[in-house]
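Residue numbers (my numbering), protein chains in the order written: chain A, 632 to 745; chain B, 262 to 376.
First up is the structure itself, then whatever we jot down about it.
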Amino acid sequence: DQQVKQNSPSLSVQEGRISILNCDYTNSMFDYFLWYKKYPAEGPTFLISISSIKDKNEDGRFTVFLNKSAKHLSLHIVPSQPGDSAVYFCAASIKLTSGSRLTFGEGTQLTVNP
Amino acid sequence: EPEVTQTPSHQVTQMGQEVILRCVPISNHLYFYWYRQILGQKVEFLVSFYNNEISEKSEIFDDQFSVERPDGSNFTLKIRSTKLEDSAMYFCARESLRFRLAEAFFGQGTRLTVV
């Protein structure tokens with residue numbers, strides 16, 4: 632099942648710089664996209680989401696961009712902080728509302744160096 | 262938003278034994294979910310549960326798995342006869358309180374080790 636794919640297993644950036652995490656999907660039925668952050672031995676923590684009718688959503692240091700024609704989304708973190716170091720998962724749902732399963736990517740390990 | 266609480270945090274069981282994983286949700290939620298993550302792999306959907314019934318299940322959720330809400334509060338995942346490949350982190354999740362959107366809010370997980 633490769634419906635959601637994160638091609639970069641890891642990313643390393645300097646504190647204060649921009650982190651860009653990428654995600655591609657193949658299922659055109661996906662209608663809602665989400666980013667989660669995960670620390671070891673904890674559950675995924677919801678960060679930000681975007682509906683397919685939008686191309687950008689911003690929440691503080693986090694911005695998600697959606698390119699529907701390319702079936703691509705990205706998460707920008709500006710400025711990056713050492714506390715942002717974690718595994719980031721993108722996920723997709725075919726429904727905007729509750730009840731739909733989330734399909735996750737493999738995750739990208741982000742390391743922010745002081 | 263408040264999260265869900267899962268117990269136990271770690272369970273070790275022998276192959277072939279039954280295990281029950283528990284999730285204590287906040288009231289007023291209608292949708293609950295179970296996901297799992299095998300070490301080094303993706304987080305995978307298992308089942309969604311709505312109004313005391315299974316709403317959707319994945320191909321992973323075979324006859325060995327069951328879910329219920331036995332006392333109207335705790336939400337459980339039962340694996341009847343565990344296999345080595347059931348070793349994973351199991352996450353309970355609840356729906357968003359915000360406009361009933363598709364975000365799921367996860368518990369801290371139960372690490373299941375089958376030996």
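Virtual Cβ for every residue (Gly too), placed ideally from N, Cα, C.
Would you mind working out which of B/S348, B/V376, B/N313, B/F367 sits nearest B/D332, comparing C-alpha positions? B/N313
So with Cβ pairs under 8 Å, would you call A/L697 a contact of chain B? no
Alpha helix (DSSP H) segments (min. 4 residues) lying fully within the segment 341 to 374 of chain B: none
Report yes or no: is there a C-beta of chain B within less than 8 Å of the C-beta of A/T728? yes
Count the other CB atoms within 10 Å of the CB of A/P675; is the residue buried (16 or more) or exposed (fewer)? buried
Can you tell me whether DSSP reads A/D715 as helix, strand or coil? helix
How many angstroms separate the CA atom of A/T742 from the CA atom of A/G714? 9 Å
Identity of the residues DSSP links to A/K615 by a beta bridge: This structure cannot speak to residue 615 of chain A, because chain A is shown only from 632 to 745.
Candidates A/M660, A/N658, A/L665: closest to A/F720 by CA position: A/L665
Return the CA-CA distance between B/I321 and A/T734, expressed in angstroms with no decimal places. 13 Å
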